[in-house]
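The structure appears below as structure tokens.
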């Protein structure tokens, strides 16, 4: 009874009640449960936390440890995935900052999407580390709550927009808003590991799961201080194991484990300094924050250290453009809309049930509704369109000789200073009989102006801008391919000379 009367006891009781509501809701509406079962994850999180808080003698302490380990580990991995690809994250923010998406207020942030991407991704990692070591708990937990609530709202908005768009499509009416297909929570990392990213509703469920843990932390903020030795021994080893399992097991990326280990070693060294805890906390925050920003900036100035996309080095583009054997096609159902001339009722019928023999029903329209989504090729939008309108993608991707492919997704935003090295490389390629082409999404006049300004003498082909941004996080960027396989990639700051490329990649090919 004393547990229930306390504030944390009320929270525990609320969690149990909510978990029961979620279970009943899933029974009444099975469609709310997602394919990844994240719905059951947040239901189980609420139930377990509630039971621990109410039943265990030190329930709130145990729940706090669990919440710190889960929240800190998740924020570190999630933040590092974004920091690894800050340009990709900024592209996702630009989608949200389109006026047709979130409205005029958020559209004002469109031009600062990249700085925001750097700040948000670095902050996520730093907040995760702060949760694990108990640094500046009150500030940390309030920021965590604000971020979690904002992203929960954002993912709910995205999911609702997609649902409304689908309803409009089914009804055959126009829809003017721009919906983001996925929230970008784990970028291309999930696509590279499980074949797809989280749907908007799955992302929303993930944020609700996180919210249950963050509320426990917020409730205990006054009691959480910089870790004692006991806290370190309980939290840090378990969190490292969780990060290894999460990043290594799910994303096949070990870097977050090493990054966390090094960060915790820095924390341990600072903790040994003869300073009061308040100074240690701020010094730890400054040093680890700097490490986070340095890593993010490095990935921005170069290329992501881990490429999760289907155009990564070693992957074959041509093979990924084809469906595997035994792939299932989309399944559609034809729905016929009829109107009753006597009552005015409008009703949908299937091809088997439509009132063909009842003259009171008049046909209005026919729609094909997607019942079950079939398998899709990993790459569906890669093209090499020439001025004659033909697509030469298969020709270049099947070439048994190496092909140098320059990516200039937007001519007006490209780094023209890089073209001196690029043109030298292209000329050397031509002298050696190697193919050198460029892909862009810009129009003919812009391309011709660029060719004139930079003296680019190679052919430019057309491809979708989003596809080009996906291929390489650089404008311009360079790929080396052979028979559709990506042998190497370079950003605009690291364009190599032909001799280096020949010695490393061409002599053995």
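Numbering (this note's numbering), first residue to last: 2 to 510. We treat Cβ as the ideally placed atom computed from N, Cα and C, and that holds for glycine. All of these numbers come straight from a predicted model, not from anything done at the bench.
| Asked | Found |
| --- | --- |
| Which word fits residue 461, buried or exposed, when buried means at least 16 other C-beta atoms lie within 10 angstroms of its C-beta? | buried |
| Short check: CB of residue 67 to CB of residue 13, under 8 Å? | no |
| Which first and last residues belong to the beta strand (DSSP E) in which residue 368 is found? | 362-373 |
| Buried or exposed, going by whether 16 or more other CB atoms sit within 10 Å of the CB of residue 31? | exposed |
| Verify whether the separation of the beta carbon atoms of residue 133 and residue 236 is less than 8 Å. | yes |
| If distances are taken between C-alpha atoms only, which option among 61, 443, 408 and 398 comes closest to residue 214? | 61 |
| Assign residue 151 to one of two classes, buried (16 or more other C-beta atoms within 10 Å of its C-beta) or exposed (fewer than that). | exposed |
| With three or more C-beta pairs closer than 8 Å as the rule, is the region 384-403 touching the region 317-335? | yes |
| On the three-state DSSP scale, how would you describe residue 355? | coil |
| Around the C-beta of residue 1, are 16 or more other C-beta atoms found within 10 angstroms, so that it is buried, or is it exposed? | Since the first residue of the chain shown is 2 and the last is 510, residue 1 is not available in this structure. |
| Out of 352, 489, 459 and 355, which has the shortest C-alpha to C-alpha gap to residue 312? | 489 |
| Would you tell me roughly how many angstroms separate the C-alpha atoms of residue 373 and residue 200, rounded to the nearest one? | 16 Å |
| Compute the distance between the beta-carbons of residue 64 and residue 217, then report whether it is under 8 Å. | yes |
| Is the beta carbon of residue 149 less than 8 Å from the beta carbon of residue 75? | no |
| What alpha helix (DSSP H) runs, 4 residues minimum, are completely inside the region 27-68? | 39-56 |
| Roughly how many angstroms separate the alpha carbons of residue 442 and residue 413, rounded to a whole number? | 11 Å |
| Is it buried or exposed, residue 508, if we count other Cβ atoms within 10 angstroms and call 16 or more buried? | exposed |
| What does a CB cutoff of less than 8 Å around residue 45 pick up in its chain, not counting 5 residues either side in sequence? | 20 |
| Does the Cβ-Cβ distance between residue 338 and residue 365 come in under 8 Å? | yes |
| Does DSSP put residue 408 in a helix, in a strand, or in coil? | strand |
| So residue 307 packs on residue 256, CB below 8 Å; how close in whole Å? | 6 Å |
| Would you mind sorting residue 454 into buried or exposed? The rule is 16 or more other CB atoms within 10 Å of its CB. | exposed |
| Have a look at the DSSP bridge pairing and note the partners of residue 487. | 482 |
| Take the Cβ of residue 240 as the centre, count every other Cβ of all protein chains shown within 10 Å, and call the residue buried at 16 or more, exposed below. | buried |
| Quick one: what's got a C-beta closer than 7 Å to residue 171's C-beta in the same chain, skipping five residues either side? | 368 and 370 |
| Would you call the region 348-357 in contact with the region 324-338, where contact means no fewer than 3 C-beta pairs closer than 8 Å? | yes |
| Suppose contacts are defined by Cβ-Cβ distances below 8 Å. Is residue 305 in contact with residue 409 by that definition? | no |
| Quick one: grab the DSSP three-state call for residue 269. | helix |
| So does the region 271-288 actually touch the region 221-238, counting three or more Cβ pairs closer than 8 Å? | yes |
| For residue 250, is the classification buried or exposed, using 16 other Cβ atoms within 10 angstroms of its Cβ as the cut-off for buried? | exposed |
| Closest by CA to residue 98, which one among 197, 423 and 179? | 179 |
| Can residue 289 and residue 87 be called in contact, C-beta distance under 8 Å? | no |
| Would you mind sorting residue 375 into buried or exposed? The rule is 16 or more other CB atoms within 10 Å of its CB. | exposed |
| Residues in its own chain within less than 7 Å of residue 92 by CB, not counting five upstream and five downstream? | 470 |
| With C-beta atoms as the reference, is residue 219 less than 8 Å away from residue 127? | no |
| Answer with buried or exposed for residue 197, where buried requires no fewer than 16 other C-beta atoms within 10 angstroms of its C-beta. | exposed |
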